[in-house]
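Q:
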Amino acid sequence: MQLYDAIARRRDVRAEFDGGPVPDEVLMRVLGAAHAAPSVGHSQPWDFVLVESAETRAAFQRHVAAERDVFAGQLAGERAATFARIKVEGILESSLGVVVTYDASHGGPAVLGRHAIADAGLYSTCLAIQNLWLAATAEGLGVGWVSFYREEFLRELLGIPDGVRPVAWLCLGTVERLQATPDLERFGWRRKRPLGEAVHRERYRYGSATSVD
Ligand SMILES: Cc1cc2nc3c(=O)[nH]c(=O)nc-3n(C[C@H](O)[C@H](O)[C@H](O)COP(=O)(O)O)c2cc1C
């Protein structure tokens, strides 16, 4: 698959996982793509915890369901009704969970390029996630990012040391298909922002739009 195809086809997957096996060599290719991401000071501050255990996944799924309720409780009217139709995870249906963590001590003590922007380490971890996501798409797999959790809970569940931040639980696995349109658009939660609204020429201006579409 060409890069732009993979970018266009990539979807956040929730309902389309079919729980098939992911061969180890495919998984390692996908993780290898993640590990090839750029990182501040070449620190490669990420780690990947592969979670297959049904018990661990069930415990995480229960926690996520409770956090979903917390968010739902903050909504009213049309927002509440729309959100009620949206699935926010495929933890049990996916083939496995990949928990991506950020450890600021990797590549230290003096991380070149991070002295002024501490978040540059987190940015690097997110780039690893995006590489993983695109590589999985190119392999015909689906990925769903789950962020309905408290970091302390996931740290405790997986024995992640203090000071290491869980950044994402990624549901990874074989899929029946990838949707053409993001779920949040399909279910009426939020529409895509046109590119022209995000592009500013020369200076940042609120509400400015360019001719880019
Ligand atoms: C940081 C981050 C956190 C996300 N958390 C969730 C989540 O908890 N549950 C979920 O269903 N999707 C989650 N998503 C997926 C977004 O909803 C999705 O990327 C967006 O709606 C656009 O859809 P697309 O990825 O299919 O293009 C997350 C995405 C990102 C980047």
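Be aware that the sequence shown starts at 37, since it is given in this note's numbering, and climbs by one per residue. All residues carry an ideal CB built from backbone N, CA and C; glycine is no exception.
1. Rounding to the nearest angstrom, what Cα-Cα distance links residue 207 and residue 131 in this structure?
2. What number of angstroms, rounded off, separates the C-alpha of residue 91 from the C-alpha of residue 190?
3. Comparing alpha-carbon positions, which option in 113, 170, 214 lies nearest residue 43?
4. For residue 175, collect the residues of the same chain with a Cβ closer than 8 Å to its Cβ; drop the 5 residues on either side in sequence, then sort them by chain order.
5. In chain order, what residues of the same chain lie with their CB nearer than 7 Å to the CB of residue 167, ignoring the 5 residues before and after it?
6. How is residue 113 classed by DSSP in three states: helix, strand or coil?
7. Quick check on residue 249: buried or exposed, where buried means 16 or more other Cβ atoms within 10 Å of its Cβ?
8. Does the Cβ-Cβ distance between residue 156 and residue 76 come in under 8 Å?
9. Cβ of residue 124 versus every heavy atom of ligand 1: is any distance shorter than 7 Å?
10. To the nearest angstrom, how far is the alpha carbon of residue 59 from that of residue 240?
11. With respect to 7 Å, is the separation between the Cβ of residue 41 and the closest non-hydrogen atom of ligand 1 below this value?
12. Under the rule that 16 or more other beta-carbon atoms within 10 Å means buried, what is residue 48, buried or exposed?
13. When you compare only the Cα positions, how much space is there between residue 212 and residue 219?
14. Would you call the CB atoms of residue 197 and residue 135 closer than 8 Å?
15. Return the first residue and the last residue of the beta strand (DSSP E) that residue 204 is part of.
16. List the whole-angstrom C-beta distance separating residue 118 from residue 223, where the pair is believed to meet the contact cut-off of C-beta under 8 Å.
17. So, helix, strand or coil for residue 48, using DSSP?
18. Give a single yes or no on whether residue 250 has its beta carbon closer than 7 Å to a heavy atom of ligand 1.
19. List, from N- to C-terminal side, the beta strand (DSSP E) runs of 3 residues or more that fit wholly inside the stretch 54-122.
20. Taking the C-alpha atoms as reference points, what is the distance between residue 94 and residue 84?
A: Once the coordinates are examined:
1. 7 Å
2. 14 Å
3. 170
4. 62, 65, 66
5. 69, 70, 72, 73
6. helix
7. At residue 249 the pLDDT is 44, less than 50, meaning the model places this residue with poor confidence; the figure from the coordinates comes in the next sentence. Classification of residue 249: exposed, given that the 10 Å Cβ count is below 16.
8. yes
9. yes
10. 47 Å
11. no
12. buried
13. 15 Å
14. no
15. 200-210
16. 6 Å
17. strand
18. Any property of residue 250 remains undetermined from this structure, which presents the chain solely from 37 to 249.
19. 82-87
20. 19 Å
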